[in-house]
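Colleague: When the sequence shown is numbered by full-length UniProt numbering, its final residue is 204 and no position is left out of the sequence of numbers.
Beta carbons are placed, not taken as given, at the ideal position from N, Cα and C, and that holds for glycine.
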Amino acid sequence: MHEVGQGNVAIVHPALLQRPWQRQLLCSLCCVIALSLPDAASAAEEPAKDRTYLQEATSRVGDVLLRAMSFLGLPYRSGGNTPETGFDCSGLVRWVFGETLGMSLPRRSEEISQVGAPVAVDQLKPGDLVFFNTLRRTFSHVGIYLGNNRFIHSPSSGSSVRIEDMTTPYWERRFNGARRIVPAAASQEEAARAAAALNGFETR
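1) Nearest-angstrom Cα distance between F139 and E111?
2) Ends of the beta strand (DSSP E) at G147?
3) So, with DSSP's three-state summary, where would you put P169?
4) When DSSP labels each residue in this structure, what does R77 get in the three-state scheme?
5) In this structure, how does DSSP classify L129 when only helix, strand and coil are distinguished?
6) Tell me, to the nearest whole angstrom, how far the beta carbon of N133 is from that of R180; I am working on the premise that it is less than 8 Å.
7) I need the DSSP call for T134, collapsed to helix, strand or coil.
8) Nearest-angstrom Cα distance between T168 and G143?
9) Rank L72, D88, G73 by C-alpha distance to the C-alpha of I79 and give the top, closest one.
10) Thinking C-beta only, is V115 closer than 8 Å to V64?
11) DSSP state of S70, grouped into three classes?
12) Take G158 as the anchor and find which of R67, L74, M69 has the nearest alpha-carbon.
13) Considering I112, what are the terminal residues of the alpha helix (DSSP H) in which it resides?
14) Grab me the residues of N176's own chain with a C-beta within less than 7 Å of its C-beta, minus the 5 sequence neighbours each way, in chain order.
15) Can you look up G116 in the DSSP assignment and give me helix, strand or coil?
16) Please state the DSSP three-state secondary structure of G91.
17) In or out: S104 buried (at least 16 other Cβ within 10 Å) or exposed?
18) Expressed to the nearest angstrom, what Euclidean distance is found between the alpha-carbon atoms of R60 and S160?
19) Kindly indicate the opening and closing residues of the beta strand (DSSP E) around G177.
20) Report yes if the C-beta distance between Y145 and D128 is below 8 Å; otherwise report no.
What follows is the structure, given as structure tokens:
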């Protein structure tokens, strides 16, 4: 099983900790989630309702990232939309957001690209969806943004769920845009600090 969530408590699947680089990334993601929470000074200035909203939004993003990472190494399967069958790109996104947030996203990446609000590439935050043209048509591929230009996705036949760098020539040329379907919890400064937590991580 690939369960990583139970109620409101995130449970890390043991497979996520099998390799040193996976443990390193998990620690970095924990930093991303922690750094995106309001600090004591700013929290004191915010109404209680706003603080609760920010904390809940951050928690939701953390659940999404941890759930997605629990599937690292799961084989790609065209049309796959469950952990038992394997995932294609949109199948992975639909399953993760469905299981963690109860969202019912469209089946195809082109349709998913119409959900939520558009996000500029320099405004990307963990949990955003990133889209690419990999089949000679726009929005034909989708992944989940992790921070520091990294995203997790189920690439293609013969491969498996993995993390890649959006700034490599292949992905940079094919980038089509991004959408935000989870409310953003981090400020500009906090997002930069969160990205720094992932700085130096290399895709394995």
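Modeller: A quick look at the data gives this:
1) Here residue 139 corresponds to residue number 139 of the sequence shown, with the count starting at 1. Here residue 111 corresponds to residue number 111 of the sequence shown, with the count starting at 1. If I take the Cα positions, the gap works out to 8 Å.
2) Taking the sequence shown and counting its residues from 1, the one referred to as residue 147 is at position 147. Residues 141 to 147.
3) Residue 169 sits at position 169 when you count from the first residue of the sequence shown. In the structure shown, P169 sits in a helix (DSSP, three-state: H, G or I).
4) The residue given as residue 77 occupies position 77 in the sequence shown. The answer is coil: DSSP assigns R77 none of H, G, I, E or B.
5) For this step, residue 129 is matched to residue 129 along the sequence shown. Here L129 sits in strand by DSSP.
6) Residue 133 sits at position 133 when you count from the first residue of the sequence shown. Residue 180 sits at position 180 when you count from the first residue of the sequence shown. Not really, about 20 Å apart at Cβ, beyond 8 Å.
7) Here residue 134 corresponds to residue number 134 of the sequence shown, with the count starting at 1. Here T134 sits in coil by DSSP.
8) The residue given as residue 168 occupies position 168 in the sequence shown. The residue given as residue 143 occupies position 143 in the sequence shown. One C-alpha to the other measures close to 15 Å.
9) As a working mapping, residue 79 is identified with position 79 in the sequence shown. In the sequence as presented, Ile is not what sits at residue 79; that position holds Gly. For G79, the nearest C-alpha among the options comes from D88.
10) Start at 1 with the first residue of the sequence shown, and residue 64 comes out as number 64. Start at 1 with the first residue of the sequence shown, and residue 115 comes out as number 115. Cβ distance not < 8 Å, so V64 and V115 don't count as in contact.
11) What you label residue 70 is simply residue 70 of the sequence shown in a count that begins at 1. Coil at S70, not helix or strand.
12) Within the sequence shown, numbered from 1, the residue matching residue 158 stands at position 158. Looking at the Cα atoms, L74 is the closest of the given residues.
13) For the purposes of this step, residue 112 is taken as the residue at position 112 of the sequence shown. Here the alpha helix (DSSP H) through I112 covers 109 to 112.
14) Sequence index remark: in the sequence shown, residue 176 carries index 176 (1-based). The answer, listed in chain order, is F131, F132, N133, T138, F139.
15) Position 116 of the sequence shown holds residue 116. The answer is coil: DSSP assigns G116 none of H, G, I, E or B.
16) The residue you call residue 91 lines up with position 91 of the sequence shown. Helix.
17) Numbered from 1 along the sequence shown, position 104 holds the residue referred to as residue 104. So S104 counts as exposed.
18) Looking up residue 60 in the sequence shown gives position 60. Looking up residue 160 in the sequence shown gives position 160. For R60 and S160, the distance between alpha carbons rounds to 25 Å.
19) Working through the sequence shown from its first residue, we reach residue 177 at position 177. Per DSSP, G177 belongs to the beta strand (DSSP E) from 175 to 180.
20) The residue you call residue 145 lines up with position 145 of the sequence shown. The residue you call residue 128 lines up with position 128 of the sequence shown. Contact flag set, yes.
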